[in-house]
Amino acid sequence: MASGSHKNTVSCSSTGKSMTTFDGGEIYDDVLNQTNVGDKKNRFYVIQVLESDDGGNFLIYTRWGRVGKKGQDKLHDYSSRESAIYEFKQKFLAKTKNDWSHRKKNVFYPKSYVWLETDYSGKEEESTVKESPSRASRKQPQKSKLEPRIAKLISLVCNLSMMNQQMMEIG
Numbered sequence: 001m002a003s004g005s006h007k008n009t010v011s012c013s014s015t016g017k018s019m020t021t022f023d024g025g026e027i028y029d030d031v032l033n034q035t036n037v038g039d040k041k042n043r044f045y046v047i048q049v050l051e052s053d054d055g056g057n058f059l060i061y062t063r064w065g066r067v068g069k070k071g072q073d074k075l076h077d078y079s080s081r082e083s084a085i086y087e088f089k090q091k092f093l094a095k096t097k098n099d100w101s102h103r104k105k106n107v108f109y110p111k112s113y114v115w116l117e118t119d120y121s122g123k124e125e126e127s128t129v130k131e132s133p134s135r136a137s138r139k140q141p142q143k144s145k146l147e148p149r150i151a152k153l154i155s156l157v158c159n160l161s162m163m164n165q166q167m168m169e170i171g
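Using full-length UniProt numbering, read the sequence shown as starting at 1 and increasing by one per residue.
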């Protein structure tokens with residue numbers, strides 16, 4: 001988590017108030033991931049400590065599900081900032097088996113989530129990708145010189161849309 005000011009506003013229907021993550025100091029806003037190809041699992045878990053703009057309410061917002069899906073979410077109300085932060089750290093420990101204060105030295109444990117570092121500095125790196133040439137200047141693919149059955153096999157193996165579809169199905 002890079003230093004920098006972070007403000008995330010969430011409209012909470014349960015409280016009717018606008019809530020934000022802490023602006024300055026520690027930011028209790030983490031994204032976790034659990035991937036297990038053998039079990040066909042690719043999950044996310046988002047956890048945030050939220051404070052109402054007037055400072056009267058403290059909540060933990062969690063959202064979880066399969067990567068690529070919206071998932072489910074839940075809000076938990078807490079009486080103080082300290083109790084919300086304590087519960088945040090307990091949930092982090094339960095999901096990752098790592099102490100939150102040592103998250104930058106995160107150790108991976110099987111069947112546990114891993115912490116994904118988030119950069120809150122607001123600075124975006126310059127893209128080194130060059131723009132693709134216009135359609136008029138693109139070359140048309142040459143006709144294959146392979147035997148037709150082999151050409152068909154190669155086109156199936158290299159079919160990006162088919163690969164993407166298969167990856168979505170297995171998660």
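Even glycine gets a Cβ: it sits at the ideal position worked out from N, Cα and C.
Because the structure is a prediction, the values reported are computed rather than measured.
- Restricting attention to D30, E147, I27, G38, the CA atom closest to the CA of P110 is found in G38.
- In the structure shown, K74 adopts extended strand secondary structure according to DSSP, grouped into three states.
- The residues T35, R66, V67, G171, in chain order, have a CB closer than 7 Å to that of N42 in the same chain once the five nearest residues on each side in sequence are set aside.
- W100 is bridged by DSSP to nothing; it lacks a bridge partner.
- Taking H76 as the centre and dropping the five residues before and after it, the same chain places the C-beta of I60 closer than 6 Å to its C-beta, in chain order.
- Spatial neighbours of F92 in its own chain (CB-CB distance under 6 Å, excluding positions within 5 residues in sequence) are listed in chain order as W100.
- S79 and Q48 have their C-alpha atoms some 16 Å from each other.
- In this structure, the CA atom of Y28 is about 33 Å from the CA atom of E169.
- Residue range 29-36 is occupied by the beta strand (DSSP E) that includes Q34, with no alpha helix (DSSP H) assigned at that position.
- For T96 and A84, the gap between their C-alpha atoms comes out near 18 Å.
- A residue is called buried once 16 or more other Cβ atoms fall within 10 Å of its Cβ, and F44 is buried on that count.
- Shown here for S161: not one same chain residue has a beta carbon closer than 7 Å to its own, the five before and five after excluded.
- The alpha-carbon of K104 is positioned some 21 Å away from that of T62.
- Cα atoms of M163 and E51: separation of roughly 43 Å, rounded to the nearest angstrom.
- The continuous beta strand (DSSP E) containing V114 extends over residues 114-116.
- The C-beta of N33 has fewer than 16 other C-beta atoms within 10 Å across all chains shown, which makes the residue exposed.
- Residue burial annotation: D73 is exposed, with fewer than 16 other C-beta atoms found within 10 angstroms of its C-beta.
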